[in-house]
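Residue numbers (the numbering used here): 3 to 391. Worksheet: the structure to be examined is printed underneath.
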RNA sequence: GGGCAGAUGGCGGAGUGGACAAUCGCACCAGACUGUAAAUCUGGCGCCUUAACGGCUACGCAGGUUCGAAUCCUGCUCUGCCCA
């Protein structure tokens, strides 16, 4: 159940409370990614000290890791992770893209170039009306469809689950995107029908790529279904990161067509600027690997800059990452950039953990400040503090 | 004093007559990362040139052999080990 608690006067931004079986998520909120039922490098205690409200795990990866037998005996994500807060699982729909079109198309879902140029790049996914067949590295096929995705998600036991969908690529044609979207709508209905448990919330996923009429059509279709909430997924393509005007136009097209009093999630986004853009367009929750992955890669987010600790200039830096930050690393340990850099250089695994703690705290703190700003009618001022240009 | 081994780009360390400005690793520089096949990947890394399959200078120093030498020869300098 979701309730809107405050509405911004100038934008579609709002604060809210998402009630799950494991508590209340104050929104707007950042959902921290823990694909394999673990937020990489962090302990369960770290999740608490970083003020994490909700974590998202992944259906496809856990299904593959656990197997049918493992799933049957699985104690549930909460117990497995030692996490008593709110959890969600993605449906596996993103893997339809990341193992499929992303590999052969050479595009990320937000445009751009292939990330691993040397790897073999054949599409390992076969999509049909029924579902999706994934070819693993041993050459075996694994079939996932709406019913199976929901069944797995019910076994995993997150508070919030996602209807099975196909995440399309920004380089997909209009014709393909339309065909895929319509199929995703059918999968959405199948996902709803496949539910057995009553204690989980389910999000339907709006697709439609970068095409306005498809996005609107998808928002209307998915928005009319009996989901507890809605997610916006797929390609943002050319709109993403553009300098002017059209940034997140997909949200302008879709959010107004979704039920006002239900939860809205933006799948797989984002960075600081994206968060503000999303919040202003009425998004309640976000999930993204940026805080955790970039932390492991040595990149630290602060209000003023993004610090790449691998740079030699931080070798003898005695300052903490961010003197204003109250995270365990900056506020309590007071670890300097030079010290943290040394840990990275020594390949000490604590480096990734400390960096992740900082970034996760940072994004959770950003959301907290956004909530306060919306309530105070000061969202614009807050945004200026975080966006220098 | 004698014997042996070795001196290569910021460091380590390949190369032992042409395809070497020189494998590779580290360090460094730049970039990427957005529902995680990612604690990862890409590019650069002698100097000049916007750049180059362009020019220049280079493999301890000085000569020599050769069409051609980081690679062979001679001497020198230095370093390590061994014997006196």
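C-beta: ideal position from N, C-alpha, C; glycine also.
- Closest in alpha carbon position to residue 146, among 255, 224 and 94, is 94.
- Per DSSP, reduced to three states, the secondary structure at residue 267 is strand.
- Between the stretch 179-188 and the stretch 38-49 there are fewer than three inter-stretch CB-CB distances shorter than 8 angstroms, so the stretches are not counted as touching.
- In this structure, the beta-carbon distance from residue 148 to residue 189 falls below 8 angstroms.
- Straight through space, the alpha carbons of residue 232 and residue 30 are spaced by roughly 14 angstroms.
- Every beta strand (DSSP E) stretch that sits fully inside the stretch 297-336 and reaches 3 residues is listed by chain position as 301-303 and 308-310.
- DSSP places residue 389 outside both helix and strand once states are collapsed to three, so it counts as coil.
- Boundaries of the alpha helix (DSSP H) around residue 191: 176-196.
- When 350, 142, 157 and 5 are compared, the shortest CA-CA separation from residue 73 is found for 157.
- Around the beta carbon of residue 144, fewer than 16 other beta carbons sit within 10 angstroms, so the residue counts as exposed.
- Rounded to the nearest angstrom, the Cβ distance from residue 346 to residue 312 is 7 angstroms, consistent with a contact under 8 angstroms.
- By the 16-neighbour rule on beta-carbons within 10 angstroms, residue 292 is buried.
- Within 10 angstroms of the beta-carbon of residue 316 lie 16 or more other beta-carbons, which makes it buried.
- In the DSSP annotation of this structure, the continuous segment of the beta strand (DSSP E) that includes residue 56 starts and ends at 56-60.
- A direct Cα-Cα distance of roughly 41 angstroms separates residue 331 from residue 150.
- Here residue 377 carries a helix assignment [DSSP, helix/strand/coil].
- Rounded to the nearest whole angstrom, the CA to CA distance from residue 79 to residue 59 is 8 angstroms.
- Taking the Cα of residue 166 as reference, the smallest distance to any Cα among 138, 177, 176 and 195 is reached at 195.
- The beta-bridge partner set that DSSP reports for residue 163 consists of 204.
- Restricted to the stretch 19-43, not a single alpha helix (DSSP H) segment is unbroken, complete and at least 4 residues in length.
- Distance between residue 90 and residue 294, taken at the CA atoms: about 17 angstroms.
- Using a 10 angstroms sphere on the CB of residue 176, the tally of other CB atoms stays under 16, which defines it as exposed.
- In the three-state reduction of the DSSP assignment, residue 89 falls in the strand class.
- In this structure, the alpha-carbon of residue 374 lies about 14 angstroms from that of residue 278.
- Bridge pairing for residue 290: 34 [DSSP].
- Segment contact: the stretch 42-54 against the stretch 351-360, three or more CB-CB distances shorter than 8 angstroms; contact assigned.
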